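What follows is a set of notes on a single structure, which appears directly below.
In the working numbering, the protein residues as written are 3 to 180.
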């Protein structure tokens, strides 16, 4: 996906994935080089940045209606041209995506190009099979990754870098088991 100045996105950061993926993401994922941490995408692109102030409270309320949860990533998988970590249970991510898309139908996931988005944490884009095999071999030692998912982030792109516009807590996030 090409980034456009003024574009926004909603992600769920997965900081526990940084140790396993950051060196690969920095090389092979444009979003990492533009400042986006390891994450699962909720909606990208979301609304234009000039509409965010008018919806951020409603978005925060919607996200807070979802309970915080623990996510485990124990395997790699691939889409054509994309290596990713798959959550063992993608349902909480999918439910959040579906709720945001229902509330803002003008902002479907992946601009409507993907009919049924699969929750994933991108590790590398556009790499040959040998590089993918190297990544999987090296990063598998970090699996399984377990992460407490207590917030989503609203990001915006200024033409060079993605920045956090808002932190959107999930319900009960303050009760992290960690």
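Here a beta-carbon is modelled for each residue, glycine too, at the ideal position from N, C-alpha and C.
It should be emphasised that the depicted structure is a prediction, and the values quoted were computed from it without experimental measurement.
Check: Any chance the stretch 79-93 sits against the stretch 158-171, with 3 or more Cβ pairs inside 8 angstroms?
Finding: no
Note to self: Could you compute how far the alpha carbon of residue 41 sits from the alpha carbon of residue 155?
What the structure shows: 10 angstroms
Margin query: Less than 7 angstroms between C-beta atoms, sequence neighbours within five positions excluded: which residues of the same chain meet that for residue 61?
Written below: 156 and 170
Notebook entry, point to check: Measuring CB to CB, does residue 9 end up less than 9 angstroms from residue 58?
Noted result: no
Next item on the list: Quick one: which unbroken beta strand (DSSP E) runs of 3-plus residues sit fully inside the stretch 127-168? Chain order, please.
Entry: 147-151 and 153-159
Note to self: Tell me the DSSP secondary structure of residue 59 in three-state form.
What the structure shows: helix
Next item on the list: Within its chain, find whatever has a CB closer than 6 angstroms to the CB of residue 77; leave out the 5 residues flanking it on each side and keep chain order.
Entry: 88
Item checked: Residues that DSSP places opposite residue 94 in a beta bridge -> According to DSSP, residue 94 bridges with nothing at all.
Notebook entry, point to check: Which word fits residue 6, buried or exposed, when buried means at least 16 other C-beta atoms lie within 10 angstroms of its C-beta?
Noted result: exposed
Check: Going by the beta-carbon positions, is the gap between residue 184 and residue 94 smaller than 9 angstroms?
Finding: Residue 184 is absent from the model: the chain starts at 3 and stops at 180.
Check: Between residue 31 and residue 142, which are expected to be in contact by the criterion C-beta below 8 angstroms, what is the C-beta distance as a whole number of angstroms?
Finding: About 18 angstroms separates the two Cβ atoms, so there is no contact after all.
Note to self: Check for me: the alpha helix (DSSP H) holding residue 30 runs from which residue to which?
What the structure shows: 20-30
Notebook entry, point to check: What span of residues does the beta strand (DSSP E) with residue 42 cover, start to end?
Noted result: 41-45
Item checked: Inter-residue CB distance, residue 147 and residue 19 (contact presumed, cutoff 8 angstroms) -> 5 angstroms
Checklist line | Nonlocal neighbours in the same chain, by C-beta distance under 6 angstroms from residue 168, ignoring five residues either side | finding: 58 and 156
Margin query: Could you tell me the alpha carbon to alpha carbon distance between residue 135 and residue 149, rounded to whole angstroms?
Written below: 24 angstroms
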